[in-house]
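**Q** Going down the list, the sequences are from chains E and S. Take the first sequence: its position 38, counting from 1, is numbered 943 in the working numbering, and each next residue is one higher. Take the second sequence: its position 278, counting from 1, is numbered 1183 in the working numbering, and each next residue is one higher. All residues carry an ideal CB built from backbone N, CA and C; glycine is no exception. I'd like to ask some things about the structure below.
2 protein chains.
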Amino acid sequence: MTERPADGKANRPPDIHAVARHAGVSHQTVSRVLNDHPRVRPSTRERVREAMRVLGYIPNVAARTLITRRSRTLGLVVLNEELYGPASALRHIEQDSRSAGYGLRILNLPPMARSTLREAVESLRQQLVDAVIVVDPHPEDQPLLGPLPSDLPLVTVGGLRSAGVPSVSYDSGPGVRQAVEYLLGLGHRTVHHIAGPAGWAEADIRRTVWQRTLEQAGREVPPPVEGDWTARSGHAAGLALAGRDDVTAVFSANDQMALGLFHALAERGVRAPEDVSVVGFDDVPDAAYYRPSLTTLRQDFAELGRHTVQLALRQIETGTREGVESVTLAPPSLILRASTAPPLST
Amino acid sequence: MTERPADGKANRPPDIHAVARHAGVSHQTVSRVLNDHPRVRPSTRERVREAMRVLGYIPNVAARTLITRRSRTLGLVVLNEELYGPASALRHIEQDSRSAGYGLRILNLPPMARSTLREAVESLRQQLVDAVIVVDPHPEDQPLLGPLPSDLPLVTVGGLRSAGVPSVSYDSGPGVRQAVEYLLGLGHRTVHHIAGPAGWAEADIRRTVWQRTLEQAGREVPPPVEGDWTARSGHAAGLALAGRDDVTAVFSANDQMALGLFHALAERGVRAPEDVSVVGFDDVPDAAYYRPSLTTLRQDFAELGRHTVQLALRQIETGTREGVESVTLAPPSLILRASTAPPLST
DNA sequence: GAACCGGATGTGATGGTTCACATTTGCTCC
DNA sequence: GGAGCAAATGTGAACCATCACATCCGGTTC
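Following this line, the structure appears as structure tokens:
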């Protein structure tokens, strides 16, 4: 006489057999309805559907994953989610993978926690994700990505391109060139640069193209000032640049450092754009409301999301990385605002 | 003589039986080692561990979830990921749930897509998450959350508090009061307000407390100007306020709108803080580099993440929402910077 | 009217783990 | 040296879907 619920079935949610019983068919027919198999008579299909509705049936994804070896889930490793780029990428990738019928697991690695990228990928793999997307791996991560088992579909976004791994990469070069040439075209003798942290793929590209553009124009290449993407570091860089009369134009590797730069300039009584013109990178939503309104380069993250998910899905479908072509995004476009002007006196 | 790989096992990854065979024990013993069951002789345990290493064994989470009915995964629905608050919450929740041994699935609902909150929760439930966390539900979502099946652990963060659903909520009130009183204490006759969109819990609280504080101080309550959290809307609001000499102090419901306000003030030749003092809300990383450096209220998102995950885990452990107490966070702290000053002329 | 055919449906095995319970092992103790 | 007992280990079922294959059925075809 121990108390025990009289439920023979321990009150578990209905399974495929319960539905089958209710609809008067076999469990296999229910499965066929579930998977939109064509060989089911419409009347039968409707009866099964009705049974599902009545019982409140929900297919068990664990059982399905177990036999299918597919989870319809993508895994996303974000290296620096607090930055505008990675955060935007995350949003779009989530959206696109969802509309492709895939769920998303995320793993945000704190900045600089590179040593664990490999573990992150492995951990997602254990969770049976169908593909892993890594946003913004750094060159130092190369050895971590290289020896990955080749049976796991993988896409890298931005940053490091790893041989044999399909990737979506930015084509910042033309944008940077355009920005620098635009400043020179306004009459500036040269353009100074606040760079991102050395070793970061995008930081390096922006610095390199800035430098090359100056060289090709036969201009002097001033030593770049290195920041860490934050407004704070842009401010520090600004203090180093403000007040020198050889500094009339600055290209900042991102918008937030440009904001810090503005702050430093103002502190030193230097006006922008009259005394110093500034171009940023990202076009964060706030950029138009910086003072002055920031001329900057805008990346299309919607395009990035689409291609990234597509590359992942294609690998899942074909079951291999072979033949899945990497994608290079369209160059960023220069958004002209109020932070750029001709130099005051030639 | 059809060609067919000689692999008897179709080259599948090793399972628990393979490990058992290799270690010369039963599959159950392997399972015990896997789950740190105490009743295994150390020597046996080591032998099994070695076998796992040699074979490169990875436990299959689908199989485990199937029988356990636990996925060790939390589901997160983010309502407005592009805003600072929700984005910060996401980061911390991800971090804390990971260090608690839980993975995270996310579902970002585009702003205002409220009608689908219910579907979002259902879809996560189908994915067998052990608990669902909803960040920033709106009052309009009340009917969507209420009738949810009670067998799914659920936590709401910020915004709407739903009866019977454990929640983590902000306690912005004291912060807002402190900010407004601080401005009055500087000598301002009254404080104007740029509000967040009506209907958003936090926007409403900030507006209400701002108003009440003024009333209790016997000051005039000017009509608030409503924004939508963006710098753009702050700019629009600023254009409405700039240049009126009854406007000497403004409390903006978030930092970005304060940025827009600064922009508008500058356009109209109004100086801050000399002519107009401004206090924001959030302390975004850039706030210290706005011009002027922004006095603002800072929320502790690390605390938010900790409590949120804790509430979810407690429900998972106890198997019920009963007895799991909601949490109210510490009030935000006022960060004094350069955007506030006494009014010029009394 | 028998053979044939393709569409509709059913049967049983399978996937990899944990659960419930049974059995063996290794001691202690008298 | 055997009872007694706990620790260590093993056996088989269960979880819930899909896969592979078998069977059934009604209608053509000759």
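1. So which residues of chain E does D1191(S) contact, with C-beta pairs closer than 7 Å?
2. May I have a chain-ordered list of the beta strand (DSSP E) segments no shorter than 3 residues that lie completely inside the segment 1077-1153 of chain S?
3. Checking contacts by CB at 8 Å: is G1224(E) closer than that to chain S?
4. Hey, could you find the ends of the beta strand (DSSP E) A1036(E) is sitting in?
5. So what's G1174(E) in DSSP terms, helix, strand or just coil?
6. Is the beta carbon of T966(S) sitting closer than 8 Å to the one on L1033(E)?
7. Quick check on V1183(S): does DSSP put it in helix, strand or coil?
8. If you follow the beta strand (DSSP E) that V1062(S) is part of, which residue opens it and which one closes it?
9. Since E1131(S) contacts A1100(S) with CB under 8 Å, what's their CB separation in whole angstroms?
10. On the premise that V1073(E) lies in contact with V1081(E), defined as a C-beta separation below 8 Å, what is that separation, rounded to the nearest angstrom?
11. Does any C-beta atom of chain S lie closer than 8 Å to the C-beta of Y1194(E)?
12. Compare the C-alpha of V1229(E) against each of T1213(E), P991(E), V1039(E) and R1124(E) and name the closest.
13. L866(E) lies in the alpha helix (DSSP H); which residues open and close that run?
14. Determine the DSSP secondary structure at L1065(E), reduced to helix, strand or coil.
15. Check whether the Cβ of Q1031(S) lies closer than 8 Å to any Cβ atom in chain E.
16. Kindly list, in the order they appear in chain E, the residues whose Cβ is closer than 7 Å to that of F1167(S).
17. DSSP three-state label for D912(S), please.
18. With a threshold of 8 Å on Cβ separation, who are the neighbours of L1091(S) within its own chain once the five nearest residues in sequence on each side are excluded?
19. Can you tell me whether V1070(E) is buried or exposed? The criterion is at least 16 other CB atoms within 10 Å of its CB, across all chains shown.
20. Does L979(E) come within less than 8 Å of chain S when only Cβ atoms are used?
21. When DSSP labels each residue in this structure, what does T874(E) get in the three-state scheme?
22. Tell me whether G1064(S) is buried or exposed, calling it buried when 16 or more other Cβ atoms sit within 10 Å of its Cβ.
23. Please go through the same chain and pick out, in chain order, the residues whose beta-carbon is closer than 8 Å to the beta-carbon of S931(S), but skip the five residues on each side of it.
24. Fully enclosed by the segment 924-967 of chain E, which alpha helix (DSSP H) runs are 4 residues long or longer?
25. What are the residues that DSSP puts in a beta bridge with R1203(S)?
26. In whole angstroms, what is the alpha-carbon distance linking I998(S) and R944(E)?
27. Hey, how far is the Cα of G1148(E) from the Cα of V1175(E)?
28. Under 8 Å Cβ to Cβ from V1126(S), same chain only, skipping five residues before and after it: list those, please.
29. Does any CB atom of chain S fall closer than 8 Å to the CB of G1008(E)?
30. Against A968(S), what residues of chain E qualify as contacts under a CB-to-CB distance less than 7 Å, listed in chain order?
31. So, do the segment 1156-1164 of chain S and the segment 1196-1204 of chain S have three or more beta carbon pairs nearer to each other than 8 Å?
32. So V1070(S) is in the beta strand (DSSP E); what residue range does that whole segment cover?
33. Along chain S, which residues have their Cβ under 7 Å away from the Cβ of N985(E)?
34. Please state the DSSP three-state secondary structure of G1008(E).
35. Using the Cα positions of G913(E) and P964(E), report the straight-line distance between them to the nearest angstrom.
36. I'd like to confirm the pairing. Which residues does DSSP put opposite G980(S) in its beta bridges?
**A** Reading from the atomic positions:
1. A1136, Q1161 and L1164
2. 1097-1100
3. no
4. A1036 to V1040
5. coil
6. Checking the sequence shown, residue 966(S) turns out to be Val, not Thr. Contact: yes.
7. strand
8. L1059 to V1062
9. 5 Å
10. About 19 Å separates the two Cβ atoms, so there is no contact after all.
11. yes
12. T1213(E)
13. Shown here, chain E extends from 906 to 1251; a query on residue 866(E) therefore has no answer.
14. coil
15. yes
16. R1196
17. Confidence is the limiting factor: at D912(S) the pLDDT is only 44, short of 50, which leaves the residue's position unreliable and the question unanswerable from this model.
18. A1154, S1182, T1245, A1246, P1247 and P1248
19. buried
20. no
21. Residue 874(E) cannot be examined here, being either before or after the span of chain E that is shown, 906 to 1251.
22. buried
23. A925
24. 932-939 and 947-960
25. D1187(S) and S1238(S)
26. 46 Å
27. 7 Å
28. T1095, Q1116, L1119 and E1120
29. yes
30. L971
31. yes
32. From DSSP, V1070(S) is part of no beta strand (DSSP E); its letter is neither H nor E.
33. Here the premise fails: no neighbours, minimum Cβ distance about 11 Å.
34. strand
35. Bear in mind that a pLDDT of 45 at G913(E), under 50, signals an unreliable position, so the model cannot answer this.
36. R1010(S) and V1037(S)
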